[in-house]
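Step one of this worksheet: look at the structure below.
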Amino acid sequence: MAKMDQFFAEMGGLIGKTIRKPKRIYFDVDKNNLTQVVEYLFNRMHCRLSTATATETYHNLEVLYHFSHDASGDYYCPRVLITDKQKPAIPSITPIVRGAEWIEREMFDFWGIEFIGHPNLIRLLARDHPQGLDKPLRFRRDK
Amino acid sequence: MNKNQIPVGPFHPLLEEAEYFNITVEGETVTDIEMDIGWMHRGHEFISEQKTFTQSIFLVERICGICSTSHPIACVHAIEDIDNVEIPLRARYIRTLVAELERIHSHLLWLGLAGHFIGYDTLWMWAWKYREPILQMFEIISGNRNHYGMMRVGGVARDVDVDKIAALSKILDQVDEKMEMIAKAANDDPVLKSRLQGVGILKHQDAVNFCAVGPTARASGVKIDVRKDEPTDAYDLVDFKVIVLKNGDVYDKTVVRLLEIFESSKIIRQCMKKLRTANGPILNSVKEIPPGEGIGRYEAPRGEVFHYMRSDGSNRPIRHKVRAPSFNNIPTYIASCKGIPLADALITLAAVDPCYCCTERAIRINHSAEGAQPIDLLRLSREKTERIRRTIHGA
Numbered sequence: 020m021a022k023m024d025q026f027f028a029e030m031g032g033l034i035g036k037t038i039r040k041p042k043r044i045y046f047d048v049d050k051n052n053l054t055q056v057v058e059y060l061f062n063r064m065h066c067r068l069s070t071a072t073a074t075e076t077y078h079n080l081e082v083l084y085h086f087s088h089d090a091s092g093d094y095y096c097p098r099v100l101i102t103d104k105q106k107p108a109i110p111s112i113t114p115i116v117r118g119a120e121w122i123e124r125e126m127f128d129f130w131g132i133e134f135i136g137h138p139n140l141i142r143l144l145a146r147d148h149p150q151g152l153d154k155p156l157r158f159r160r161d162k
Numbered sequence: 191m192n193k194n195q196i197p198v199g200p201f202h203p204l205l206e207e208a209e210y211f212n213i214t215v216e217g218e219t220v221t222d223i224e225m226d227i228g229w230m231h232r233g234h235e236f237i238s239e240q241k242t243f244t245q246s247i248f249l250v251e252r253i254c255g256i257c258s259t260s261h262p263i264a265c266v267h268a269i270e271d272i273d274n275v276e277i278p279l280r281a282r283y284i285r286t287l288v289a290e291l292e293r294i295h296s297h298l299l300w301l302g303l304a305g306h307f308i309g310y311d312t313l314w315m316w317a318w319k320y321r322e323p324i325l326q327m328f329e330i331i332s333g334n335r336n337h338y339g340m341m342r343v344g345g346v347a348r349d350v351d352v353d354k355i356a357a358l359s360k361i362l363d364q365v366d367e368k369m370e371m372i373a374k375a376a377n378d379d380p381v382l383k384s385r386l387q388g389v390g391i392l393k394h395q396d397a398v399n400f401c402a403v404g405p406t407a408r409a410s411g412v413k414i415d416v417r418k419d420e421p422t423d424a425y426d427l428v429d430f431k432v433i434v435l436k437n438g439d440v441y442d443k444t445v446v447r448l449l450e451i452f453e454s455s456k457i458i459r460q461c462m463k464k465l466r467t468a469n470g471p472i473l474n475s476v477k478e479i480p481p482g483e484g485i486g487r488y489e490a491p492r493g494e495v496f497h498y499m500r501s502d503g504s505n506r507p508i509r510h511k512v513r514a515p516s517f518n519n520i521p522t523y524i525a526s527c528k529g530i531p532l533a534d535a536l537i538t539l540a541a542v543d544p545c546y547c548c549t550e551r552a553i554r555i556n557h558s559a560e561g562a563q564p565i566d567l568l569r570l571s572r573e574k575t576e577r578i579r580r581t582i583h584g585a
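These protein sequence lines map, in sequence, to chains B and X. So the mapping is simple: the numbering used here equals the position in the first sequence, first residue as 1, plus 19. So the mapping is simple: the numbering used here equals the position in the second sequence, first residue as 1, plus 190.
Below is the structure:
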């Protein structure tokens, strides 16, 4: 809990709407502040990136990162809302967290989100698909 | 020196599942490795969003035949996390019992494969032979040898009564005896040590950077285990040790798994003892899932399996994210394979116990791989073991 309070004290200015649950904390982060928050979580707090979830809602696309603070069992989940659904783009966190490479490639593949600064942004799973997918899978959901 | 590229896969007798590696070698040394996945993607996340919460549990059970308890446990944890659902004590012990049995059978499966890859076919036969009684135990518990269908939101589907516990105890005693024999044989064998020590080292910092999980991380000195870090089910009620080693080589990964088998056995015995006395319900009735989001995770045999669920108050998830441990562990090849001899590449690839069914959760045909000449890494690996054996035993 002390760690969580310290996180809020130091990063409070950069985070928006927050939902706190036992052992879980979900908070909004502007895409311009994302790398700063991730840097703090990964390098200062030694959190581990479990994964990231991209979701399409009625108005937005959102990317929810899941950072696990293994020493305390808490989850820190920064949420980035993307309002431009036609050309979604946010900064890549792969230069900070090496393990995010495949996670971001998967989101690029299925959701069409461009991760600016990613060292190798190519489709992960649907590359060379037999049906020759020319657009992200999310556009095929209503078929 | 000339660089050569060796393509392996996507369909190759050596590989149990469809994956593609492009290994760059200079002479005998691996200088780079590229991985290409996507042949097994089945769109589980999208399918799950068309199903009810209860159906999702059965769906995720079929992501992987080996982790057929880990995925459902993480899935029910995620659903329970949305509304903080309470689990009856007896159900908590039953979940832990089934999950730990799964760990033993998964580790034995890996141990057998590892033995086969380095030319220890006896170890392979032994490990798989003594995995059979574990599958029988599952049959006693659930009626199935795989895909047990035990997990429900709020508890478990079937009880494990006293008669079943007596039958399970008897089998476990026999398995324990055989495990000690296998562990001793593996530990005392100088050829096995020479073959595996110092091979495919994953450094501590690399394990942290790649966010590795499970035995892959623990063998590199990263002390993470969901069972201790965020104890759910009965893990806060049983006594067990987290096995952490520091070298990060294939040998340490093997030892971590071997020792974990004994810890699992210890946990199973504690659970069975408690199940004799802890009477009560096994399922709390959950009528509806309110709007919200939940994270569920569980320490599968390969590491942390992660599920995220979001509900809008209806009877089905509007988002269901699945992340299997191999998804995080497979990219560590980039760190562990560079600089090693080609004969060691196979066992290094196998050492993270990769599971592609889990990782990809489509079926894809690669036309560009036509004409690629496969190389028999299995033969190379087994020949190296044979050379070491001859040097040590002087044959």
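Ideal placement from N, C-alpha and C gives every residue a C-beta, glycine not left out. From a predicted model like this one, the values you see are computed outputs, not experimental measurements.
Item, Value
"Neighbouring residues, chain X, relative to Thr113 of chain B (Cβ below 9 Å)", "In chain order: nothing, as chain X lies at least about 11 Å away."
"Under the three-state DSSP convention, the category Asn212 of chain X falls into", "strand"
"Distance CB(Pro521 of chain X)-CB(Ala490 of chain X) smaller than 8 Å", "no"
"Cβ contact check for the region 455 to 474 of chain X and the region 491 to 500 of chain X: 3 or more pairs under 8 Å", "no"
"Separation of Leu83 of chain B from Pro97 of chain B, as counted between CA atoms", "6 Å"
"Coil, strand or helix - Gln240 of chain X by DSSP", "coil"
"CB contact below 8 Å: Arg493 of chain X versus chain B", "For clarity, residue 493 of chain X is Gly in the given sequence; the question names Arg instead. Judged by the 8 Å Cβ criterion, Gly493 of chain X is not in contact with chain B."
"Nearest-angstrom Cα separation, counted from Glu292 of chain X out to Thr286 of chain X", "10 Å"
"Extent of the continuous alpha helix (DSSP H) run through Leu448 of chain X", "440 to 467"
"Exposure of Asn51 of chain B, with buried meaning 16 or more beta-carbon neighbours within 10 Å", "exposed"
"Selected residue, minimal CA-CA separation from Pro531 of chain X, among X:Leu386, X:Ala268, X:Ile361", "X:Leu386"
"Where Ser258 of chain X falls: helix, strand or coil (DSSP)", "coil"
"CB contact flag (Thr538 of chain X, Val440 of chain X, <8 Å)", "yes"
"Range of the contiguous beta strand (DSSP E) that encloses Lys368 of chain X", "It is not in any beta strand (DSSP E) - Lys368 of chain X instead sits in the alpha helix (DSSP H) that spans 352 to 378."
"C-beta neighbour in chain X for Gly35 of chain B, strict 8 Å", "no"
"Residues that DSSP places opposite Met150 of chain X in a beta bridge", "Chain X is shown only over 191 to 585; residue 150 of chain X falls outside these bounds and no answer can be derived."
"Helix, strand or coil at Thr113 of chain B according to DSSP, with G and I counted as helix", "coil"
"CA nearest to the CA of Asp351 of chain X, picked from X:Leu465, X:Gly529, X:Gly199, X:Asp363", "X:Leu465"
"Top-ranked residue by Cα proximity to Gln195 of chain X, from X:Lys368, X:Gly470, X:Ile256, X:Ile213", "X:Ile213"
"Unbroken alpha helix (DSSP H) run spanning Glu329 of chain X, endpoints", "322 to 332"
"8 Å Cβ cutoff, Trp121 of chain B in contact with chain X", "yes"
"Beta-carbon proximity list for Arg487 of chain X, same chain, < 6 Å, skipping 5 on both sides", "Ala264, Val416, Glu494, Phe496"
"Candidates X:Leu392, X:Cys401, X:Gly388, X:Ile355: closest to Thr467 of chain X by CA position", "X:Ile355"
"Buried versus exposed call for Arg67 of chain B [16 or more other C-beta atoms within 10 Å across all chains shown]", "buried"
"For Gln195 of chain X, the three-state DSSP class (helix, strand or coil)", "strand"
"Spatial neighbours of Asp419 of chain X in its chain, beta-carbon cut-off 8 Å, leaving aside the 5 residues before and after", "none"
"Any C-beta of chain X under 8 Å from that of Leu143 of chain B", "yes"
"8 Å Cβ cutoff, Arg579 of chain X in contact with chain B", "no"
"DSSP-derived helix/strand/coil call for Leu435 of chain X", "coil"
"CB contact flag (Val542 of chain X, Thr406 of chain X, <8 Å)", "yes"
"Leu100 of chain B in three-state terms, based on DSSP", "strand"
"Whole runs of the alpha helix (DSSP H) within the region 511 to 552 of chain X, excluding any shorter than 4 residues", "515 to 519, 523 to 526, 535 to 540, 546 to 550"
"Cut-off 8 Å between Cβ atoms - residues of its own chain near Gly136 of chain B, not counting five sequence neighbours on either side", "Pro110, Ser111, Thr113, Pro114"
"Between the CA atoms of Glu133 of chain B and Phe127 of chain B - distance to the nearest angstrom", "6 Å"
"Buried versus exposed call for Met333 of chain X [16 or more other C-beta atoms within 10 Å across all chains shown]", "The sequence shown places Gly at residue 333 of chain X, rather than the Met named in the question. That one is exposed."
"As assigned by DSSP and simplified to three states, the class of Ala17 of chain B", "Lying before the first or after the last residue shown, residue 17 of chain B is absent from chain B, which here runs from 20 to 162."
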